[in-house]
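Below is one structure, written out as structure tokens; the observations come after it.
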Amino acid sequence: MDLFAASEPTEALQKAAPLAVKMRPDSISEVVGQEHLLQDGQPLRRLLEPQGKGEVGVSSLILWGPPGTGKTTLAYLVAKSSGRHFREVSAVTSGVKEVRAVIDFARAALGKDGTETILFVDEVHRFSKAQQDALLPAVENRWVTLVAATTENPSFSVISPLLSRSILLTLRPLTPPALGEVIDRALTSTRGLGGKFSMTSSAKETLVRLGGSDARRTLTLLEAATGLATTNGRTEITAEDVTCSANQALVRYDEDEHYDVTSAFIKSMRGSDPDATVHYLARMIEAGEDPRFIARRIMIAASEDVGLADRGLLPVVVAAAQAVQLVGMPEARIILSQAALAVAVAPKSNAAYKAIERALADIRAGKGAVVPPHLRDAHYSGAKRLGHGQGYVYPHDAPTGVVPQQYLPDDLKDASYYQPTSRGNESHIQKTLSELRKYSQMR
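As structure tokens, then:
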């Protein structure tokens with residue numbers, strides 16, 4: 001598909017198009033918020049400017065950024081630049097067959113008169129590994145210049161060979177001043193609202209806040225607000241028009257946000273910050289995160305970051321996880337809040353986590369000789385002949401309930417895996433363990 005040809009709508013289609021489409025920049029000067037990518041000499045700038053035949057082509061590009069920051073807009077501007085063929089394949093509907101057809105076209109055009117072909121792939125993260133593999137020869141040999149757009153971290157969503165053969169350009173979220181410029185242009189431009197509407201300063205501030213760094217969302221809300229104002233016989237847009245047009249500020253929560261917000265949630269609980277904990281919990285809930293997933297993360301944190309410093313915490317959060325499944329949303333949000341806050345304000349210790357990691361490290365290093373004979377199973381025929389269980393001392397027969405007896409294998413008899421902290425309940429465990437080791441005389 002020739003994107004440039006497809007991007008020239010009829011007058012009727014242009015009139016019916018959403019405001020966000022009408023206001024799509026048609027020149028570099030109208031692109032806001034991405035100045036770091038449009039400086040002279042930058043790879044993207046070279047693609048956006050006419051290029052004579054025989055000049056060295058630029059590397060393939062991967063545009064990574066949040067929704068509404070201009071990835072598709074930049075592709076359309078590339079389509080309008082002269083001297084190159086432009087083809088687009090959809091990562092949603094196209095398969096390997098369509099990709100190879102474009103590559104064959106590009107090779108033929110390059111061999112015929114040296115004209116380069118730019119291949120635009122929107123939402124490249126939706127391409128399967130096989131589809132991405134099909135691009136490799138063309139990118140490596142520069143039969144095409146790939147311009148791929150993605151909202152997801154390419155490190156997770158794009159295969160390494162393709163990533164290493166491309167330049168990764170990161171688009172920044174639009175700042176409030178950049179969104180303000182987008183709004184002002186839409187209000188005054190003949191392509192947009194043509195000066196028919198004005199808006200109060202509070203309405204603009206509200207629109208910028210609800211836009212959430214997304215130009216497309218901002219313009220969509222602006223268009224809805226103009227409709228509401230018109231219905232009420234006004235040409236001035238108020239903050240109430242904007243808020244009524246959006247039932248809620250849609251939380252940006254793609255796959256990257258899922259990982260980032262979850263990470264911040266866990267680290268806030270670990271860092272004993274209850275306010276940050278509830279903030280990130282609210283973001284996950286508002287974005288529609290599975291409450292069972294949130295409950296699992298809270299249970300893990302209860303063991304990894306609190307452990308025996310508060311030995312009553314794990315039963316509490318397990319009960320909360322069960323209650324979440326029984327109650328369901330929206331009331332489950334209260335239970336999740338209680339459980340997450342319980343972890344956040346609990347005394348912290350990762351001693352249980354470090355203990356199992358130390359033990360696993362020894363096992364993976366090949367340590368851990370045979371189980372001492374006196375600890376082996378003696379409840380079967382022939383065990384006595386093998387000496388299993390002989391010499392084992394039953395701790396309950398001792399007044400203290402502890403006896404001097406080796407439990408670890410010989411090559412690990414001096415290992416110390418669990419090292420309790422002095423925080424919370426572990427301060428008592430520390431004293432108890434010290435006494436136990438005196439009795440056992442094994443430490």
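Okay, so the sequence shown: first residue is 1 according to the numbering used here, each after it adds one. Using N, Cα and C, we set each Cβ at its ideal position, and we do this for glycine too.
Would residue i be called buried (16 or more neighbouring beta carbons within 10 Å of its own) or exposed?
i, result
"M329", "exposed"
"G33", "buried"
"I334", "exposed"
"K438", "exposed"
"E116", "buried"
"R385", "exposed"
"I294", "buried"
"I363", "exposed"
"Y380", "exposed"
"E88", "buried"
"I356", "exposed"
"Q248", "With a pLDDT of 44 at Q248, under the threshold of 50, the modelled position of that residue is not reliable, and no figure is offered here."
"V370", "exposed"
"K53", "Bear in mind that a pLDDT of 49 at K53, under 50, signals an unreliable position, so the number given afterwards is only what the model happens to contain. Label assigned to K53: exposed."
"D305", "buried"
"S422", "exposed"
"Q325", "exposed"
"E435", "exposed"
"F156", "exposed"
"D241", "buried"
"Y259", "exposed"
"S263", "exposed"
"R443", "Because R443 sits at a pLDDT of 42, beneath the cut-off of 50, its placement in the model cannot be relied upon, and the following sentence gives the value as read from the coordinates. Exposed is the call here."
"S60", "buried"
"S416", "exposed"
"A361", "exposed"
"K71", "buried"
"D214", "buried"
"G192", "buried"
"S245", "buried"
Just tell me which of the options has its CA closest to the CA of residue i.
i, options, result
"R84", "T93, L146, G68", "L146"
"L222", "T150, E35, E435, A20", "A20"
"G114", "W143, Q132, A91, T93", "W143"
"T151", "W64, P176, R107, F86", "W64"
"R296", "L74, T175, F265, G312", "F265"
"K413", "A301, V208, P372", "P372"
"A203", "T218, R100, G312, R191", "T218"
"D122", "T206, P67, E435, A415", "P67"
"L375", "A355, D410, L136, T400", "D410"
"T73", "G212, T93, K22, A378", "K22"
"V102", "R46, L119, P43", "L119"
"A309", "K348, L281, A342", "K348"
"Q322", "R311, M299, G312, A342", "M299"
"A301", "A282, A332, T277", "T277"
"S303", "L281, T432, A339", "A339"
"T206", "L163, P399, S94, A225", "A225"
"K267", "L433, L360, L341, L313", "L341"
"Q132", "P404, L162, A79", "L162"
"L210", "R191, G192, I183", "I183"
"V31", "R107, L77, P43, P404", "L77"
"D273", "A346, N141, R216", "A346"
With residue i and residue j assumed to form a contact (beta carbons below 8 angstroms), what rounded beta-carbon distance in angstroms separates them?
i, j, result
"S81", "L48", "6 angstroms"
"A149", "A75", "7 angstroms"
"A351", "Q406", "Not quite, the Cβ-Cβ distance comes to about 23 angstroms (not below 8 angstroms), so this is no contact."
"A445", "M269", "No answer is possible for residue 445: the residues shown for the chain start at 1 and end at 443."
"T188", "G195", "5 angstroms"
"A134", "R100", "6 angstroms"
"A91", "V139", "Between V139 and A91 the Cβ distance is about 15 angstroms, and since that is not below 8 angstroms, they are no contact."
"I237", "P154", "Contact doesn't hold; Cβ gap of about 38 angstroms is too wide."
"G382", "Y353", "Not really, about 41 angstroms apart at Cβ, beyond 8 angstroms."
"T69", "P173", "6 angstroms"
"D377", "H388", "6 angstroms"
Between residue i and the ligand FAD, is the CB less than 8 angstroms from at least one heavy atom?
i, result
"A203", "Here there are no bound small molecules, and the ligand FAD is not part of this structure."
Quick test of the definition: if touching needs 3 or more C-beta pairs under 8 angstroms, does the stretch 225-239 touch the stretch 29-48?
no
Inter-stretch contact (C-beta, 8 angstroms, three-pair minimum) for the stretch 125-139 and the stretch 25-37:
no
Quick check: the stretch 378-397 against the stretch 427-436, are there 3 or more CB pairs under 8 angstroms?
no
Let me know the alpha helix (DSSP H) ranges lying completely inside the stretch 271-357, each 4 residues or longer, listed in chain order.
Fully enclosed alpha helix (DSSP H) runs of 4 or longer: 274-286, 291-301, 313-327, 332-345.
Within 8 angstroms, do at least three Cβ pairs link the stretch 154-172 to the stretch 192-201?
no
Decide yes or no for the touch test of the stretch 313-323 against the stretch 276-289: beta carbon pairs closer than 8 angstroms, at least 3 of them.
no
I'd like the ranges of any beta strand (DSSP E) spanning at least 3 consecutive residues and lying wholly in the stretch 56-87.
Runs of the beta strand (DSSP E) inside the stretch 56-87: 60-64.
In chain order, what are the residue ranges of uninterrupted beta strand (DSSP E) at least 3 long that sit wholly in the stretch 173-197?
none
Could you pull out every unbroken alpha helix (DSSP H) segment of at least 4 residues lying fully inside the stretch 92-138, listed in chain order?
96-113
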